[in-house]
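Engineer: In UniProt numbering, the protein residues as written are 1 to 241. Where a beta carbon is used, it is the ideal one built from N, C-alpha and C, also for glycine. Handing you this structure, nothing more for now.
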Amino acid sequence: MLVNLLVFALGAMLGSFLNVCIYRLPREESVIFPASHCPKCGRNILPLDNIPVLSWLILGGKCRFCKEKISARYPLVELITAVSIFLLYQKFGLTSDLFFFSVFASVLIVGFFTDLAEQIIPDEIVIVGLIAGFSRALLNGSFFDSLFGAASGFAVFFIIEKLAKIIFKKEGLGFGDVKLAAMLGAFLGAAGFWHTFVAAYVLGAIVSVFLLVLKIKKMGDYIPFGPFLIIGALLVLAIGW
Ligand SMILES: [Zn+2]
């Protein structure tokens, strides 16, 4: 029980760091310095106000000093990360896979929110994800499958992007998805990548129809594809497809 609580708390603290990455990586800022501060009044966030999820709730989602609204994304990311790490610990125990999949979950969480908010997949998370994916494959003796998965992801999305440019005369998916697909392939292997690809397209089509019907988006509007790839990858992992 105590260990479970500790794992959950560590996960929430990791989520707190992922929040910093989500905000700063697309802005090309350091994720280490300076300390977290309110984007409006610039005052440093007190250690007591930096407790994952709880501080946001206690402060009513506002800065202590200037009462600027603080996005619900912060406690949400902390909660998602804590639950992810907790579930991974239940599945893997204290093994190397707990480490590798925690890294994988972290880069997916960061990529999901940066792509959604700014249409950016930061290079940093792609590099960290590729290194973790290849390292795990080396330890498992599945390095070539991992390499082939990364190459498949890269090639498929590279071709789609070029075709979209020729056919629609504009940026199709953007290079972010090419990098993201390569990273997913490195972790999931070739078959895992293809399953993710199918799942992402089906999900993307369903959600796009809903967004159009509900008039949240109109024809020709941009909908980032990265989040669908990421949810597709999580589905493939969860059901072991
Ligand atoms: Zn403030």
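#1: Give the single residue among Gly176, Lys162, Asp221 and Phe8 whose Cα lies nearest to the Cα of Leu108.
#2: Does the beta carbon of Phe33 fall short of 7 angstroms from some heavy atom of ligand 1?
#3: Using only CA atoms, which one of Thr196, Ala191, Gly93 and Phe157 lies nearest to Lys179?
#4: How far does the alpha helix (DSSP H) with Phe143 in it reach, from first residue to last?
#5: Kindly indicate which three-state DSSP category Lys62 falls into: helix, strand or coil?
#6: Leaving out five residues before and five after Gly153 in sequence, what residues of the same chain have Cβ atoms less than 7 angstroms from its Cβ?
#7: Over the uninterrupted alpha helix (DSSP H) stretch that includes Pro227, give me the two end residues.
#8: Taking the C-alpha atoms as reference points, what is the distance between Ala200 and Phe65?
#9: Evaluate the contact criterion for the region 216-232 versus the region 88-105: three or more CB pairs, one atom per stretch, below 8 angstroms.
#10: According to DSSP, what are the bridge partners of Lys69?
#11: So is the beta-carbon of Lys40 under 7 angstroms away from any non-hydrogen atom of ligand 1?
#12: Do Val236 and Leu188 have their C-beta atoms within less than 8 angstroms of each other?
#13: For Leu59 and Phe8, I'd like the C-alpha separation in whole angstroms.
#14: Can you pull the DSSP bridge partners for His37?
#15: Considering Leu108, what are the terminal residues of the alpha helix (DSSP H) in which it resides?
#16: Measure the beta-carbon distance from Ile134 to Ser146 and round it to whole angstroms, keeping in mind my assumption that it falls under 8 angstroms.
#17: Assuming contact is defined by CB atoms lying nearer than 8 angstroms, are Val77 and Ile167 in contact in what I supplied?
#18: For Leu138, count neighbouring Cβ atoms within 10 angstroms of its own Cβ and tell me buried if that reaches 16, exposed if not.
#19: Mind checking His37: buried by the 16 CB within 10 Å criterion, or exposed?
#20: Does DSSP classify Glu78 as helix, strand or coil?
#21: What does a CB cutoff of less than 7 angstroms around Thr114 pick up in its chain, not counting 5 residues either side in sequence?
#22: Shorter than 7 angstroms, the distance from the beta carbon of Phe65 to the closest heavy atom of ligand 1, or not?
#23: Nearest-angstrom Cα distance between Ala190 and Gly111?
#24: Cutting at 7 angstroms between CB atoms, please list the residues of its own chain near Tyr74, excluding the five before and the five after it.
#25: Whose C-beta lies closer than 7 angstroms to the C-beta of Ser96 among residues of the same chain, with five residues either side of it excluded?
#26: Please state the DSSP three-state secondary structure of Ser30.
Structural biologist: Reading off the structure:
#1: Gly176
#2: no
#3: Phe157
#4: Phe143 to Phe168
#5: strand
#6: Ala181, Ala182, Leu184, Gly185 and Phe193
#7: Gly226 to Ile239
#8: 43 angstroms
#9: no
#10: Lys62
#11: yes
#12: yes
#13: 22 angstroms
#14: Asn44
#15: Ser96 to Glu118
#16: It is Phe, not Ile, that sits at residue 134 in the sequence shown. Their Cβ separation, rounded to whole angstroms, is 6 angstroms, which keeps Phe134 and Ser146 in contact under 8 angstroms.
#17: no
#18: exposed
#19: exposed
#20: helix
#21: Ile22, Leu25, Pro26, Ile120, Ile121 and Pro122
#22: yes
#23: 21 angstroms
#24: Asn19 and Trp56
#25: Leu139
#26: coil
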